[in-house]
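J.:
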Amino acid sequence: LLVGAPLGKNLQPGTNHSGALYRCPVTTNYNDCEQVVTDGKRTVDSKNLMPPGDDEIKDGQWLGVTVRSMGPGKKVMVCAHRYMRKGFDYQWGQGLCYTLSQFLDYDETWEPCKGRPTNRAHEQYGYCQAGTSGLLLDDTAVIGTPGPYTWRGTVFVISVSENFLNRDKTIYHGPLLEHESPVDKYSYLGMSVTAGQFFGNKSAYAAGAPRANGTGQVVIFTKKRPTENPMDVQLILSGEQFASSFGYELTNADINGDGFPDLIVGAPFFFSREEGGAVYIYTNNKNHCLDCKKPLRLTGKPESRFGFAITNLGDLNSDGYEDIAVGAPYEGNGAVYVYLGSAQGLIPEPSQILYAEDLRTNGIPITTFGYSLSGGLDLDQNGYPDLMIGAYDVDAVVLLRARPIINIVTSVEPSANLQNIDPSRIGCAKNPYANHTCFSFAACVTMKLTTNLTLNYSIEAETFQSGRKFSRVWFGGHDGDKKQPHIVRKRIEMKFDPLRRRGDVKRCETEMVYIKENQRDIQSPIKFQLKYELVQKEPPRLVPGQPLPDIDNYPVLNQQEAAKTFQATFQNDCADEICISQLYLETYLLLPSGRRPNTWELIMGEQEAVRLNVTAHNNGESAYDAWLFVSHPASLNYTAHKTDSKHMSCTPHNKTLIKCNIGNPFKQGAPANIQLRFDPKGLADTESQLEFVVFANSTSKELDPQAPSTLHTSVIRRAEISVTGSVDPDHVYYGGVVRGESAMEHLDDIGERVMHTYHIFNQGPWKVGSLEVHIEWPFQVANNKPQGKWLLYLEDRPTVEGQGGGECFIAHGHVNPLNLTRRPGVEELPLESLRLPSRPLAATLEPPEPTWESDHPQTRRRRRDVEMVVRAESYVDKDGNKHELVNMNCLLGTAKCLKFYCVVFNLRRNHEATVRIRARLWNSTLVEDYPNVYSVNIKSRAKMHLPPGLMILQNPDDDEAQVETVAYRDPLDQQEPEPVPIWIIIVAVVAGLLLLILITLVLWRLGFFKRRRPDPTLSGNLEKHRDENGDYSS
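So for the sequence shown, the working numbering puts the first residue at 7; every next one is plus one.
1. Which whole-angstrom value describes the C-beta separation of Ile532 and Ala467, a residue pair presumed to lie in contact below a C-beta threshold of 8 Å?
2. Among residues of its own chain, excluding the 5 on either side of Val418, which ones have a beta-carbon nearer than 6 Å to its beta-carbon?
3. If we call anything under 7 Å between Cβ atoms a contact, is Gly272 one with Ser310?
4. Spell out the partners DSSP gives Ala210 in its beta bridges.
5. I believe Ser628 touches Phe672 by the beta-carbon criterion, under 8 Å. Please report the beta-carbon distance rounded to the nearest angstrom.
6. Taking Asp399 as the reference, which of Pro391, Ile465, Ser728 and Ile372 has the closest Cα?
7. Buried or exposed for Trp989, going by 16 or more other Cβ atoms inside 10 Å?
8. Rounded to whole angstroms, what's the CA-CA distance from Gly369 to Gly396? Just pull it up for me.
9. Have a look at the DSSP bridge pairing and note the partners of His951.
10. In chain order, what residues of the same chain have a beta carbon less than 6 Å from the beta carbon of Gln864, not counting five sequence neighbours either side?
11. Is it buried or exposed for Gly93, if we count other Cβ within 10 angstroms and need 16 for buried?
12. Whole angstroms is fine: what's the gap from Ser348's alpha carbon to Tyr286's?
13. Is there a C-beta anywhere in chain D that falls below 7 Å from the one on Asn22?
14. For Ser24, which of helix, strand or coil comes out of DSSP?
15. Assuming Thr416 and Asp510 form a contact by the criterion Cβ under 8 Å, report the distance between their Cβ atoms to the nearest whole angstrom.
16. When you compare only the Cα positions, how much space is there between Ala973 and Asp965?
17. Could you check what DSSP says for Lys795 in three-state terms: helix, strand or coil?
18. With three or more beta-carbon pairs closer than 8 Å as the criterion, would you say the segment 311-330 touches the segment 256-264?
19. Under a three-way DSSP split, which group does Glu129 fall into?
20. Return the CA-CA distance between Thr228 and Met237, expressed in angstroms with no decimal places.
21. Can you tell me where the alpha helix (DSSP H) holding Asp935 begins and where it ends?
22. What three-state label does DSSP hand Tyr739 in the structure shown?
23. Are there three or more Cβ pairs, one per stretch, closer than 8 Å when the segment 594-612 is compared with the segment 573-580?
24. Would you list the residues sitting across from Trp606 in a DSSP beta bridge?
25. Taking C-beta to C-beta, are Pro561 and Arg409 nearer than 7 Å?
26. Is Asp238 helix, strand or coil when you go by DSSP?
27. As an exercise, report each continuous alpha helix (DSSP H) stretch of at least 4 residues that is fully enclosed by the segment 887-929, in chain order.
28. State the Cα-Cα distance for the pair Thr443 and Val636, rounded to the nearest angstrom.
29. Output the distance between the C-alpha atoms of Lys888 and Ile923, rounded to the nearest integer angstrom.
30. Which one or two residues does DSSP pair with Gly611 in a beta bridge?
31. In the DSSP output, what is Ser880 paired with across the bridge?
32. Fully enclosed by the segment 312-356, which beta strand (DSSP E) runs are 3 residues long or longer?
33. Taking Cβ positions, are Tyr131 and Thr138 nearer each other than 7 Å?
34. Under 8 Å: do the segment 457-471 and the segment 490-506 share three or more Cβ pairs, one atom per stretch?
35. I'd like to check one pair, Trp98 with Arg88: are the Cβ atoms closer than 7 Å?
36. How is Arg495 classed by DSSP in three states: helix, strand or coil?
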């Protein structure tokens, strides 16, 4: 066994982890491998190993990544693709390979890139990485070199013949220049290689380029003429999936035994939801055409890297067809799939799956089992090729030896008993009085014996097939068997008779098969799996140091005959075993048509049910076990069906699928009509579209399968919602003295009670799951200050009354912010009981949408400066009297309004919900600011909003309403004095004049009017002084 160890320590002095090659004898010991001398010899005859030269870098060269043998008695090649040459100003990773003699002695060194141009570094031959892959074939070495010309890559074909003088000295390669290369940069052409006579007697060389074209490609070259380069490109194969690394691994094998090599390509990074990794089988033919038909694709488990390694096993079972093995190193701890060839090509089902977990390795853990593979050589010389499997993650290899194969021939007799079984006929030839349809057959095995053998015999009906859990038949000696087993297991003895010349021994087992009652599938064949296994001791567990057990003592049966599948067919009225039908469906909904073709409209509340009409036709042969399937939304409840035949019925398969039996068989020219009924009441409010998918199938083969019919229905919800309002009482009075906030102790200190009620009515036809009523409430008088005077003071949280209930959402600070209480001992009657005759309310308006405020009013306010007061408006009534009134509402900006909303739930058709808002009129505000007006009109406003997700159509004209409280001045505060009679006025005037005359006469009599007045002149003043003081002298 030759094993490469790319990170091993080489025997060459002066190296560290440069890689090594080991030779391991075929023994039971685990650690008896010896390193082969590869590096350090300057000549063939050198006895001493020399360290690397000054121009070499051996550390990290990964010697052993590629190990190939030409066969027994011939050369071996081992490569180090990361080997580097260095100089003063360069380091070139060009790679190299060694060939060794059949005795594993050093033979030659091969550096196909040495001496080639490196002026442009990686854009030429600076990083060839020669030896990434390799092959030895007929004295020829094929060396994969993915690095040249910016990792375009190529292959080198070199003669390694012992006859140095006569061998071809030319190193052939594929085209590399920009306009010549078959691949683009970074394609890694040469990542894998194989060779064979794909196009006749001339050798061809295939190289994988896993990054070419995004998907990966394989390029096949042939030589033009001796000494001429580059080689010709004969064929390019491309992968089918981006980034699948098609071409990562290659091999060839004559899978169908026609003498022409077939190409096997690995794509380990292929992926899908249920697959991981792929292998493609390109079958050759006599015209030497590999791509004339679509390749067979094998796939592995997700993330398994199935196809990472592939090898030709040789003819594993001696049937004349070469077989292959495929590695999946990341499926669990690793797995290897074995596929057998046949005259029809590769059998897509693996004959064996080898799992790392099943190996008996005496406790040595094995992971990444299948990372590398090598097969086709018979190491123990028992006539059967063996398989060596690498597990790099644990530095181990596993040798699996092939066991000898005993050929057998199996058959089922008579074949007529397995054909045209009539399911309507009770009994059979072997048991005519049976209560079930039955038939019988004999399972036979023929072997050429040299000794007595014991076989385990089993036969299983139907459940061996993937996804099949139940069988339509059971085995038994009579039809009254209560267990009704669908599997038979027996042990049979094959006796060797030395008197027989040919030594052939035949043994048959007769089986009775009964068909279970009420089987609908009476067309699909009943499949059986027949198995024979050799009863013998298992090979002993290997003990290190003990001799290898003789594998010839543990033969196995030829699995192609030991496991056989056969079938029994039913009688039908068709030309072939499987009828060819042609089902056609006509579908429509019994609803109003939509705006687009093939669409319908469901108007909720008007249509009580959704009815789907389906007519099935069969224009071909009889359709057995024919079913109609209807997929519907889960929110639609299936309630009933109506058919024109007693034999048709419908049942729910699950919440979204209805299945209807339309015939078994459903014959040509006999249409079947079914009408399904669904209840739409369970539809969610957010559903606007319904989709029905209708299709039919049967166990017959469809000539021209009809695509599923899809029916689209728009869900239309119409609900006419109106909002109206009322007030209790319809008018109130204000008057008395002005009282401040601090003087308020109880709610009735504020003023009269007021209740605004909004009525939300649904005229239908559909219900409304939820709606919002947005309310603007005039709680303060508008002014030029942040806070206004109280107007309508909320004493309780607004409430919603209705069948579906509801809730109002308002900040806590807006409801009774002063925390006033009800006066003890005073019980106020509900306002509803004091309701006065109502009068017409304000008409519906269409104001602009208000801006909602989030500030909460403060419970205590500072003393204000002079505030703005809402001015009164004058009007003249019908009697010609002039009045002044004040309008306070949010739209006019004459009131400060708080905004809140109420949610009404489940408002059904012809039902009403009411929103009640209870408040107190702030008496002092009106007494102080409006003592002389005729009335103060205070309006609240409500507008209904439907959530957009409900998608309800309705008229928005009546979605808004206003409620007005009219406050009048208290009549007791407005009483005017009675007018004074005219005669009193005249008497008063006369009396006043007489009194004035009397006073004047009195004053005259007293001399009041005769007083001496002073002389305003200077002489007068002097005269006055003299008279008062005596004579004047100077």
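Ideal placement from N, C-alpha and C gives every residue a C-beta, glycine not left out.
T.: The short version:
1. 7 Å
2. Phe447, Ala449 and Phe572
3. no
4. Gly202
5. With a Cβ gap of about 7 Å, Ser628 and Phe672 count as contacting.
6. Ile372
7. exposed
8. 17 Å
9. Glu778
10. Residue confidence is low: Gln864 scores 40 on pLDDT, short of 50, so the model does not pin down where it sits. No coordinate-derived value is stated.
11. exposed
12. 16 Å
13. The structure shown has no chain D; it contains just one protein chain.
14. coil
15. At roughly 13 Å, the Cβ-Cβ gap does not stay under 8 Å, so Thr416 and Asp510 are not in contact.
16. 27 Å
17. coil
18. yes
19. helix
20. 6 Å
21. Asn929 to Asp935
22. strand
23. no
24. DSSP links Trp606 through a beta bridge to Ser599 and Thr719.
25. yes
26. strand
27. none
28. 33 Å
29. Rounded to the nearest angstrom, the two C-alpha atoms are 33 Å apart.
30. Gly611 pairs with nothing; no bridge assigned.
31. Glu890
32. Fully enclosed beta strand (DSSP E) runs of no fewer than 3 residues occupy 315-320, 329-334 and 341-345 of the segment 312-356, in order along the chain.
33. Contact: no.
34. yes
35. no
36. strand
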